[in-house]
Amino acid sequence: MPSFLNISAPKLHIVNHKDFIDRQCLPLFNSCAIEINMNKIPGLANKFVYFNDDMFLTNNVSKDDF
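The opening position of the sequence shown corresponds to residue 1 in the UniProt record's numbering, with each subsequent residue numbered one higher.
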């Protein structure tokens, strides 16, 4: 994890690939294969925001933006 990330933030939940992808497929680095399996993340909300590792927000946003 990057040092700037506050992993103790109460609204932050970090999910590891092993939590939702079959172990025989790991390690997995193909973003398409990872994204197609995201529906298997335990407790995932019906609506959620997902960014890949090359996406950055440069301005304030609200839930209405999504």
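Ideal Cβ positions, reconstructed from N, Cα and C, are used throughout, including at glycine.
Please read all numbers here as calculations on a predicted model, not as lab measurements.
- [ ] Have a look at I14 and D65 and give me their C-alpha separation to the nearest angstrom.
- [x] Distance between the alpha carbons of I14 and D65 is about 23 angstroms.
Open item on the list: Please state the DSSP three-state secondary structure of N39.
Closed with: Looking at N39 - three-state DSSP - the assignment turns out to be helix.
Open item on the list: Quick check for students: name the residue ranges of the beta strand (DSSP E) that lie wholly in the UniProt domain "Stealth protein CR2 conserved region 2" (1-66), counting only runs of 3 or more.
Closed with: Runs found: none.
- [ ] Out of I21, N30 and P27, point me to the one whose CA is closest to M38's CA.
- [x] I21
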